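J.: Once you've had a glance at the structure underneath, I'll fire off some questions.
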Amino acid sequence: MIVIGLVQQKGGVGKTTIATNLADTLSRRSYSVLLVDADPQGTARDWAAKSEDVGLTTVGVDRPVVHEELPSIEGFDVAIVDAVGKLEKMTISVIKASDLVLVPIQPSAADLWAVGQVIDHIETRQDITGGTPKARFVISRAIGSSKMGEQVQDILDEAPFGRLESSVNQRVAYARALGEGKSVHDTSDKKAQAEINKLTDQLEQILRADG
Ligand SMILES: Nc1ncnc2c1ncn2[C@@H]1O[C@H](COP(=O)(O)OP(=O)(O)OP(=O)(O)O)[C@@H](O)[C@H]1O
Ligand SMILES: [Mg+2]
């Protein structure tokens, strides 16, 4: 089972939005998908309770034991782990559990203190394991063609891993879908569907590549 973790200690950056849309997209591509809600707020569980996606199973893990419990779960091609923002131990547990970590980052975010910590945790883990997990930033909640803020650009330039080419824009369809147990594929927003498809394509590529 391939494990993809959504990690960012800053709240409201779109972790759950990306996790649910990615889970539904992979499920539509015939993967059997486990959505792991590692946030005691339970937003992904609330979403799943309303969802009609039959290809998707959702579990909640409220303690930082994701890296201990996930390896014993069988029967899925891919697990998407939606990590809680603030709990550092949970962030570390999800990083340990993951083959690929996605770090959503808003282009204009002012509150960037926690990103450095997340990068450090990922690097520490990569040092121990010889490179696992792979990691990428994903630009989230971008508005129009708004330029990257200077501070954000600095972080992207200095970080030990890059960002996905495709980003997730701020769109009404994402906000509506999250509240209704849907993904953007259930809406009429073709642009949102296209960007989530592109993001999923890139993840498939990264996971297929060696090293
Ligand atoms: N691309 C987007 N377009 C429009 N709204 C978005 C987008 N991404 C997230 N939102 C909205 O922003 C809010 C926070 O998003 P989300 O819950 O995905 O963030 P999060 O990182 O999981 O937050 P938390 O740290 O609280 O778990 C939600 O109301 C969601 O609908
Ligand atoms: Mg969330």
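Sequential numbering of the sequence shown, starting at 1, is according to this note's numbering.
Beta carbons are placed, not taken as given, at the ideal position from N, Cα and C, and that holds for glycine.
Nothing here was measured: the structure is a model prediction, and the numbers come from that model.
Would you call Ser93 buried or exposed, if buried means 16 or more other Cβ atoms sit within 10 Å of its Cβ?
T.: buried
J.: What three-state label does DSSP hand Leu87 in the structure shown?
T.: Reduced to three states, the DSSP call for Leu87 is coil.
J.: Roughly how far, in whole angstroms, is the beta-carbon of Ala142 from the beta-carbon of Ser167, given that I think they are within contact range, below 8 Å?
T.: 5 Å
J.: Kindly indicate if chain E contains any beta-carbon less than 8 Å away from that of Val184.
T.: Absent from the structure: chain E. Only one protein chain is present.
J.: Is the segment 37-51 close to the segment 179-191, with three or more CB pairs under 8 Å?
T.: yes
J.: Should Val78 and Met1 be called a contact, given that it needs their Cβ atoms to be closer than 8 Å?
T.: yes
J.: Under DSSP, the alpha helix (DSSP H) around Ala44 begins and ends at which residues?
T.: Thr43 to Lys50
J.: Which same chain residues, not among the five before or five after Val152, have their C-beta less than 8 Å away from its C-beta?
T.: Closer than 8 Å at Cβ, skipping near neighbours: Ile105, Gln106, Pro107, Ser108, Ala109 and Leu112.
J.: Which residue marks the beginning of the beta strand (DSSP E) containing Ala142, and which one marks its end?
T.: Lys134 to Ala142
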